[in-house]
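Below: one structure, written as structure tokens.
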Amino acid sequence: MKLNKLSVVFCVVVLLLGSGDISVLCEEEELIKMTTAKPLLGGVHDCRGSRNSVEIESLARFAVQEHNKHENTLLEFARVLKVKEQVVAGKLYHLTLEAIDAGKKKIYEAKVWVKPWMNFKELQEFKHAGDVPSFTSSDLGVKRDSHGLGWREVPTHDPTVQDAADHAVKTIQQRSNSLFPYELLDILKAKAEVIENFVKLDLLLKVKRGIKEEKFKVEVHRNIEGNYYLNQMEQDLT
Numbered sequence: 003m004k005l006n007k008l009s010v011v012f013c014v015v016v017l018l019l020g021s022g023d024i025s026v027l028c029e030e031e032e033l034i035k036m037t038t039a040k041p042l043l044g045g046v047h048d049c050r051g052s053r054n055s056v057e058i059e060s061l062a063r064f065a066v067q068e069h070n071k072h073e074n075t076l077l078e079f080a081r082v083l084k085v086k087e088q089v090v091a092g093k094l095y096h097l098t099l100e101a102i103d104a105g106k107k108k109i110y111e112a113k114v115w116v117k118p119w120m121n122f123k124e125l126q127e128f129k130h131a132g133d134v135p136s137f138t139s140s141d142l143g144v145k146r147d148s149h150g151l152g153w154r155e156v157p158t159h160d161p162t163v164q165d166a167a168d169h170a171v172k173t174i175q176q177r178s179n180s181l182f183p184y185e186l187l188d189i190l191k192a193k194a195e196v197i198e199n200f201v202k203l204d205l206l207l208k209v210k211r212g213i214k215e216e217k218f219k220v221e222v223h224r225n226i227e228g229n230y231y232l233n234q235m236e237q238d239l240t
């Protein structure tokens, strides 16, 4: 009985004397847990940066390279179509990108986990989301008398829509006196209509200028040679 009491007292003394070391060990264990745990998912929201930024393109290229390495494939990165992000233990980027597989353009979705303070970057997911649905005059329903059926909804990630949006933002920048560059954040809506030998695209764009986000309604024309022209634009205040 006396031995048991002495043992308990000894243990208490050790604990008191070594309390500093124990707290250090606890802190180290917490750090290990933080650095090895999977990301805790938060809400997905639009990325603050532009999908055309060097940082986002670098992440997309990394995703393709990692997928090629692990799956022994030969995908060739083309461009970023859309990007969203989640605040986790770092950031989890949700990328929709276009890549070339055996000469054919396809759409992929990828998730890349990034912790900048640790120089950590990891591909969490990479999957095929479909082929690139480039629309044509016949897709838009052109009649024999060369008059279209009117405006039709088209995919916002269509390459023609993406190129038209990029052209519109560049033109808006050229016509603006702003010292801050316009960045395309997202294509919110897209409609198209074929008129004889050219296509009209009606787009609602979300752009960023400095720290301010704005929306623009634009109408872009694409002629038979593939050239784009911004026909109309107005700021959407809704």
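Residue numbers (the numbering used here): 3 to 240.
Note that CB positions come from ideal geometry on N, CA and C, so glycine has one too.
Model, not experiment: these values are computed from the prediction.
- Per the C-alpha coordinates, the member of L94, T75, V82 and A62 positioned closest to A104 is T75.
- Here the alpha carbons of V46 and E87 stand approximately 6 angstroms from one another.
- For H223, the closest of D188, Q234, I213 and G152 by C-alpha to C-alpha distance is Q234.
- In this structure, I197 sits away from T158, with a CB-CB distance that is not shorter than 8 angstroms.
- Around the C-beta of Q176, fewer than 16 other C-beta atoms lie within 10 Å, and the residue is accordingly described as exposed.
- Where L61 is concerned, the enclosing alpha helix (DSSP H) starts and stops at V56 to E73.
- One thing to note: F218 has its Cβ within 8 angstroms of the Cβ of L207.
- When the alpha-carbon of A80 is set against those of I102, S178, L97 and E68, the nearest one is in I102.
- In this structure, the CA atom of Y110 is about 6 angstroms from the CA atom of K129.
- For the pair T240 and E216, the Cα-to-Cα distance works out to about 10 angstroms.
- When the Cα atoms are used, H72 and V66 turn out to be separated by approximately 10 angstroms.
- In its chain, beyond the 5 residues on either side, P41, L94, E124 and Q126 have a beta carbon closer than 6 angstroms to the beta carbon of W115.
- L203 is the residue among L203, K84 and Q237 whose C-alpha sits nearest the C-alpha of N225.
- In the structure shown, the three-state DSSP call for H130 is strand.
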